[in-house]
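Every number in this note's numbering is 127 more than the matching position in the sequence shown, counting from 1. By construction, the Cβ of each residue, glycine as well, lies at the ideal position given by its N, Cα and C atoms. Bear in mind that the values here come from a model prediction, so they are computed numbers and not experimental data.
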Amino acid sequence: MARTVLITGASGGIGAAVAWAAADHGYRVLTAGRDATRIDQVCAGIPRSSPVLLDLRNPTDVLESLAEVDRLEAIVHCAGVAEAASVEETPYSRWLETLTINVAAAAEITRALLPALRKAVGHVVFVSAAPGLHAVPRWSAYTASKAGLRELADALREEEARHGLRVTTIYQGGTATELLQKVRAKFGRPYHAADCIQPATLASVVLTVLDMRDDAYLPEVSVLPTPRP
Ligand SMILES: NC(=O)c1ccc[n+]([C@@H]2O[C@H](COP(=O)([O-])OP(=O)(O)OC[C@H]3O[C@@H](n4cnc5c(N)ncnc54)[C@H](OP(=O)(O)O)[C@@H]3O)[C@@H](O)[C@H]2O)c1
Numbered sequence: 128m129a130r131t132v133l134i135t136g137a138s139g140g141i142g143a144a145v146a147w148a149a150a151d152h153g154y155r156v157l158t159a160g161r162d163a164t165r166i167d168q169v170c171a172g173i174p175r176s177s178p179v180l181l182d183l184r185n186p187t188d189v190l191e192s193l194a195e196v197d198r199l200e201a202i203v204h205c206a207g208v209a210e211a212a213s214v215e216e217t218p219y220s221r222w223l224e225t226l227t228i229n230v231a232a233a234a235e236i237t238r239a240l241l242p243a244l245r246k247a248v249g250h251v252v253f254v255s256a257a258p259g260l261h262a263v264p265r266w267s268a269y270t271a272s273k274a275g276l277r278e279l280a281d282a283l284r285e286e287e288a289r290h291g292l293r294v295t296t297i298y299q300g301g302t303a304t305e306l307l308q309k310v311r312a313k314f315g316r317p318y319h320a321a322d323c324i325q326p327a328t329l330a331s332v333v334l335t336v337l338d339m340r341d342d343a344y345l346p347e348v349s350v351l352p353t354p355r356p
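As structure tokens, this is what we get:
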């Protein structure tokens, strides 16, 4: 029986790369996204993949789409928003949206799928960010959400140890996607895709995490672009 992985943000740069890598490793891939057309386009090329419509702004409204998942080897939480703005410029609605999509929805999706994950003695991977470890001026809602994601992962890891679940947080640096390009533009910093981590490289790290021999696992992984002299 093929192992199944659910990937959120599968229409994004990192999520799509993880979906491809997972299929290459023999997984059946549930590619989750909020836009039916985009997610169908991603699925079209990936063997053994099925689309799942999830708009994470309202995570409790989407649980029905997951009701039929009764066994799940892994979830990879890749969905995220990363608006760069100061506290002064960030309205309450933006805080709520960022914290909902980046943290609370990840908790809610995981909660809904815990029975299926426990059945498979599965693995939950949170794609966080290097800034989740420290403050960044003009990026407080994002960094707060990534710091919250770290706390969610750390608590889940301890709670689910008795069921054998593994929980991994990935702290990666700049990865060549549209999101990074927009963020760099907002901060007035240059963006050269070739100097960044490539999504396929990050995806290979995620698959290494998922496919490790089962006597050990990686609770946290930092991934940084190689410095270019
Ligand atoms: N790229 C980097 O340098 C970098 C560095 C550190 C951490 N990260 C993290 O890596 C993750 C993936 O980022 P990326 O670079 O691949 O960005 P991306 O290409 O912009 O992908 C983001 C994904 O999140 C999805 N998403 C956004 N809002 C959503 C919502 N309301 N409901 C469902 N899905 C939603 C997007 O869906 P749509 O396609 O429908 O918009 C897209 O699939 C994010 O959590 C990001 O914080 C990225």
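As a beta-bridge residue in DSSP terms, Tyr298 pairs with Ser349. Residue side-chain check: Ile228 places its Cβ nearer than 7 angstroms to a non-hydrogen atom of ligand 1. Of all C-beta pairs linking the stretch 214-226 to the stretch 265-280, three or more are shorter than 8 angstroms, placing the two stretches in contact. A straight-line Cα-Cα distance of about 20 angstroms links Arg311 and Glu215. Between Gln325 and Ala303, the C-beta gap is smaller than 8 angstroms, which places the two residues in contact. Those residues that bring their Cβ nearer than 6 angstroms to a heavy atom of ligand 1 are Gly136, Ser138, Gly139, Gly140, Ile141, Gly142, Gly160, Arg161, Asp162, Arg165, Leu181, Asp182, Leu183, Arg184, Cys205, Ala206, Gly207, Val208, Ala209, Ile228, Val254, Ala256, Gln299, Gly301, Thr302, Thr304, Glu305, Leu306, Leu307. For Ile236, the enclosing alpha helix (DSSP H) starts and ends at 232-247.
Per DSSP, the unbroken alpha helix (DSSP H) holding Leu223 starts and ends at 219-226. Assignment of beta-bridge partners to Thr335 by DSSP yields no partner. DSSP places Ile324 in the strand class (E or B) of the three-state scheme.
Of the candidates Ala211, Val132, Leu190, Ala211 places its Cα closest to the Cα of Lys313. Note that the C-beta distance between Val252 and Val336 is below 8 angstroms.
Around Val189, the same chain offers Leu181 as residues with beta carbons nearer than 6 angstroms, after the five sequence neighbours per side are excluded.
Secondary structure of Ser177 (DSSP, three-state): strand.
Put simply, the backbone Cα of Trp222 is about 30 angstroms away from that of Asp167. Ile202 is positioned such that its CB atom lies no closer than 8 angstroms to that of Leu279. With a threshold of 16 other beta carbon atoms within 10 Å, Gly301 meets it and is buried.
Nearest to Ala288 by alpha-carbon distance, out of Thr328, Ala129, Ser192, Leu241, is Leu241. When the alpha-carbon of Val230 is set against those of His319, Ala129, Ser255, the nearest one is in Ser255. Only buried fits Tyr298, as 16 or more other CB atoms lie within 10 angstroms of its CB.
DSSP places Arg161 in no beta strand (DSSP E); its state is neither H nor E.
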